[in-house]
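First up is the structure itself, then whatever we jot down about it.
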Amino acid sequence: MSASALDHVGIAGPDLDALRIAYERLGFRLTPRAQHHAPGSDLVVRPIGTGNHCAMLREGYLELIALIDPALPSNTLDRFLARYHGLHIIAFEIEDPEAELARLREAGIAIPGVAWLERPIEAQGGTATARFARLPMPEAPEGRIQLIRHLTPELLWQPHLLDHPNHAVALEEVALVVADPAASADRFARLVGVAATPVADGLVISLPRGRVRFTSGEPYPGVVAPSLPFIAGVTIRTDDGGAAIRRIAGAAGRETADGFLVPPAEAGGAALTFR
Numbered sequence: 022m023s024a025s026a027l028d029h030v031g032i033a034g035p036d037l038d039a040l041r042i043a044y045e046r047l048g049f050r051l052t053p054r055a056q057h058h059a060p061g062s063d064l065v066v067r068p069i070g071t072g073n074h075c076a077m078l079r080e081g082y083l084e085l086i087a088l089i090d091p092a093l094p095s096n097t098l099d100r101f102l103a104r105y106h107g108l109h110i111i112a113f114e115i116e117d118p119e120a121e122l123a124r125l126r127e128a129g130i131a132i133p134g135v136a137w138l139e140r141p142i143e144a145q146g147g148t149a150t151a152r153f154a155r156l157p158m159p160e161a162p163e164g165r166i167q168l169i170r171h172l173t174p175e176l177l178w179q180p181h182l183l184d185h186p187n188h189a190v191a192l193e194e195v196a197l198v199v200a201d202p203a204a205s206a207d208r209f210a211r212l213v214g215v216a217a218t219p220v221a222d223g224l225v226i227s228l229p230r231g232r233v234r235f236t237s238g239e240p241y242p243g244v245v246a247p248s249l250p251f252i253a254g255v256t257i258r259t260d261d262g263g264a265a266i267r268r269i270a271g272a273a274g275r276e277t278a279d280g281f282l283v284p285p286a287e288a289g290g291a292a293l294t295f296r
């Protein structure tokens, strides 16, 4: 067993409305605001303090996440934001949570069990509950790194949410800046069950859909890590050669050898490359 795809990334900030405005300005069609729910020590599922909007792509998605109720637990989000605003979550898609749990335990990774999460979703004029099974990498210095199984994918990938004015269709890559690319890549490889391979500027883990890049250098022109480790940005594939995002972002972005780059200051702390 192993992970089959780069499922989603989470972009965290102190203000969910500000993140929403920034990403709508960049041409993303977002899901309605939703609050997360998680089981407590008594296994009863209750609301927690974080909420989100998502940009659902035909392959993968972007999650915009912030604390929306300071009276409730932040699920470590406050600790992430103390380091920097931007990408702090990477999730990989799996098919069988119990089989992956057994594989990870056999590999010596101490995971107590499958975490069952949920959040409300607007669907068909009402509200439904999206459910997930999650296996986290314990105490990962890079952020919240996890395996995830969508138990109700039809509630997230609703057809009307998949057509974006910027023509984004797929989450292709996430790039990390780390002090020791080999050590970070090895930790991720054990979690996803796929070995890393060397590239010119570091290492890459390539999944059947999507990849993760590890470097100790500069992953995008002009993007400097505020601290290490740093989840620097993502690459997003478009179905129009990047024409729409160039019109929408205009002077807010710039051309690079890899595509059209929207810098972190325009995207909640995450560098976005469209190609």
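Whatever position you read off the sequence shown (first residue = 1), add 21 for my numbering. Glycine included, every Cβ here is placed at the ideal spot set by N, Cα and C. These numbers come from a predicted model, not from an experiment.
- Secondary structure note for Pro141: its beta strand (DSSP E) is the uninterrupted segment Ala136 to Ala144.
- Short of 6 Å from the beta carbon of Arg170, and not among the five residues preceding or following it, lie these beta carbons of its own chain, in chain order: Ile115, Pro118 and Ala154.
- Three or more Cβ pairs closer than 8 Å define a contact, and the segment 182 to 196 meets that threshold against the segment 256 to 270.
- Beta-carbon to beta-carbon, Gly61 and Pro91 are separated by about 18 Å, too far to satisfy the 8 Å threshold.
- Here DSSP, grouped into helix, strand and coil, assigns Val213 to helix.
- By the Cβ rule, the segment 48 to 56 does not count as touching the segment 103 to 110, because fewer than three pairs are nearer than 8 Å.
- Counting only the Cα atoms, Tyr82 lies some 20 Å from Asp36.
- Between Arg152 and Leu168, the C-beta gap is not smaller than 8 Å, which leaves the two residues out of contact.
- Counting along the chain, the unbroken beta strand (DSSP E) around Leu168 starts and ends at Arg165 to His171.
- Looking at the DSSP output, Gly81 bridges to nothing.
- When only Cα atoms are considered, Ala149 and Met77 end up about 17 Å apart.
- Secondary structure at Glu194: strand, using DSSP grouped into helix, strand and coil.
- A straight-line Cα-Cα distance of about 8 Å links Gly280 and Gly263.
- When rounded, the separation of the alpha-carbon atoms in Ala200 and Pro159 is 19 Å.
- Cβ atoms of Glu163 and Pro250 come within 8 Å of each other, at about 5 Å.
- Beta bridge pairing from DSSP links Phe251 with Val198.
- Ranking Ser23, Pro68, Ala161 and Leu88 by CA distance to the CA of Ala39 puts Leu88 first.
- Around Gly289, the same chain offers Ile32, Gly34, Leu40 and Ala43 as residues with beta carbons nearer than 6 Å, after the five sequence neighbours per side are excluded.
- Assignment of beta-bridge partners to His29 by DSSP yields Tyr82 and Ala112.
- In this structure, DSSP gives Gly271 a helical state, which the three-state scheme calls helix.
- Take Asn96, set aside five residues on each side of it, and the residues of its chain with a beta-carbon closer than 8 Å to its own are His57, Ala59, Ile69, Gly70 and Thr71, in chain order.
- Here Ala161 is not near Arg100, since their CB atoms are 8 Å or more apart.
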